[in-house]
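One structure below.
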Amino acid sequence: MTEDTRYFISSALLSPERAAEAIRCHWGIESMHWVLDVIFKEDLSRLRRGHGAQNMALVRRLAFNIVRAGRGKRSIKTARKAAGWNPDFLAALILPPR
């Protein structure tokens, strides 16, 4: 068994429990951004004018949440590809169950 020590700096006055919660929340957000960049290739987007960048960011996050919620045991990458290849799987993701 190994033990790691990490130090964090914050100007907020937090209890140890609240500080741990804030740290976990931060890494959850970082994890989502990693998925958006690696799986959805967000950093490669060339949209710069008008509202295109914001609109596509919203669409990517919507797709991310839909795929994450309905992927079952598949990885997000595999579920995203399956939705592109299989219209029945895509319909199961976006349509309410009957």
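FYI, the numbering for the sequence shown is 716 to 813, going by this note's numbering. We put the beta carbon where it would ideally sit given N, CA and C, even for glycine.
#1: Go ahead and label A784 buried or exposed: buried means 16 or more other beta carbons lie within 10 angstroms of its beta carbon, across all protein chains shown.
#2: Using the C-alpha atoms, what's the distance from I791 back to A807?
#3: When you compare the stretch 763-782 with the stretch 792-803, are there three or more beta-carbon pairs, one atom per stretch, that lie closer than 8 Å?
#4: Would you kindly work out how many angstroms separate the C-alpha atoms of L728 and I744, rounded to a whole number?
#5: Output the boundary residues of the alpha helix (DSSP H) element that contains M771.
#6: According to the Cβ coordinates, are A768 and L762 closer than 8 Å?
#7: Going straight from the alpha carbon of M747 to that of E732, what length do you get?
So, from the listed chains and residues:
#1: Residue numbering aside, residue 784 sits at position 69 when the sequence shown is read from its first letter. Burial check for A784: the Cβ neighbour count within 10 Å stays below 16, so the residue is exposed.
#2: The residue you call residue 807 lines up with position 92 of the sequence shown. The residue you call residue 791 lines up with position 76 of the sequence shown. Looking at the two C-alpha atoms, the distance is approximately 15 Å.
#3: Enough Cβ pairs lie closer than 8 Å, so yes.
#4: As a working mapping, residue 728 is identified with position 13 in the sequence shown. As a working mapping, residue 744 is identified with position 29 in the sequence shown. Cα to Cα, L728 sits roughly 22 Å from I744.
#5: Position 56 of the sequence shown, counting from 1, holds the residue named residue 771. Boundaries of the alpha helix (DSSP H) harbouring M771: 767-785, taken from the DSSP string.
#6: Residue 768 sits at position 53 when you count from the first residue of the sequence shown. Residue 762 sits at position 47 when you count from the first residue of the sequence shown. For A768 and L762, yes; Cβs fall inside 8 Å.
#7: The count along the sequence shown starts at 1 and reaches residue 747 at position 32. The count along the sequence shown starts at 1 and reaches residue 732 at position 17. Computed Cα separation, rounded: 23 Å.
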